[in-house]
Each structure stands twice: as C-alpha cells, then as structure tokens.
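Structure first, then comments.
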Amino acid sequence: MQNPTPDTLVRYRERLSPSLWLLVTAAVVGPMVALSFTPLGSLLALLFGAAAALLLIITLMTASPAVRVIGTMLHAGSAHIDVRWLGTGVALTGEEAREARGTALPARGWHLIRGGIDGVVVIQNTDPDDPVTSWTISTRTPDRLLAAIRDAQIAASAHS
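The numbering of the sequence shown is full-length UniProt numbering, which starts it at 1 and goes up by one.
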C-alpha cells in the first residue's frame, strides 16, 4: 500500500448531513402520502407512503454538501480554494457562531451554512485577485477543520 502524497492526503472530511430533527420531519411525509392513497387500498397506500419517506430521506442525505481538506485544497460544497490563499481563521461555537452566521456574515464572503450545525469556521481569503473576502463554513468540529487547514498550510509552505 502506498503512502498518500501531500497532494492527496485527506486531512479532514465531513458531510454536512441534515439534523436528526429534519430527518424525523421528513419521515412524517410517509403517513401524509399514505393517507392520500388510502382510497386505492391500505397496502398500496402504506407502500407509497414508505417509499416517499425513504426517497425524501435518501435525497436529503445524498444532497448534503461535504467539507474536505485534501492535500493543500479546501473543498466546501462545490467550491474549493488552495490553502495558500487562506489567512487567519477562527473556530466559533454557540452565540459567536450564531452571530457569524447572521449579523456578522460578510456580504462579499463565500458561505456554506447549514441549519442544525452549531459550529462555524470563518477564515480570511488573502488572494488579491479574488473578490471573495472570507469563507464561512458550517462544521460540527470547527477546531478540527481549522487544525486541518493549518496543517495543509504548513505542508504547502514546506513544498514551496
């Protein structure tokens, strides 16, 4: 087995899946759909309801964005940036994270915000050619994400 190279090393990976409460709420679709199909027969209605709830839950899970630090790249959903262009960052939870997701959210920043996830990492973008001033990313483990970004920055500077 080969050791991963610095360009392929997965330093952090997290899927921003929906909260348990959202999944439970999605499961409520099943009885509602079943009720709509009861005139066709109770077994058919039950099957349609179960299929609808399962399909919605699977869709919510597979459509969830991922946050990854691979090699020297930060991937947040469909966006990515080389960590060389990232400046200082802060890991926030609680009231500070709520404020960072709300009133302190920069208009020119890039955001990957998910409800039900308390933690946030806010990190400055130092690329002079990029109009985006900062990245604000929801995460369940803000300290780990920030540590992975710093680790990738150290690796990037060592290979420069």
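The beta-carbon is built from N, C-alpha and C at its ideal position, and this holds for glycine as well.
Considered as a whole, the region 5 to 43 harbours 10 to 15 as its complete beta strand (DSSP E) runs of no fewer than 3 residues, in chain order. Comparing alpha carbon positions, the residue from G71, P142, R144 and V121 closest to S134 is V121. In the three-state reduction of the DSSP assignment, D143 falls in the helix class, which pools H, G and I. Where G89 is concerned, the enclosing beta strand (DSSP E) starts and stops at L86 to L92. In the structure shown, the three-state DSSP call for T136 is strand.
Cβ contact annotation for T88 (same chain, cutoff 8 angstroms, sequence separation greater than five): I123 and Q124, in chain order.
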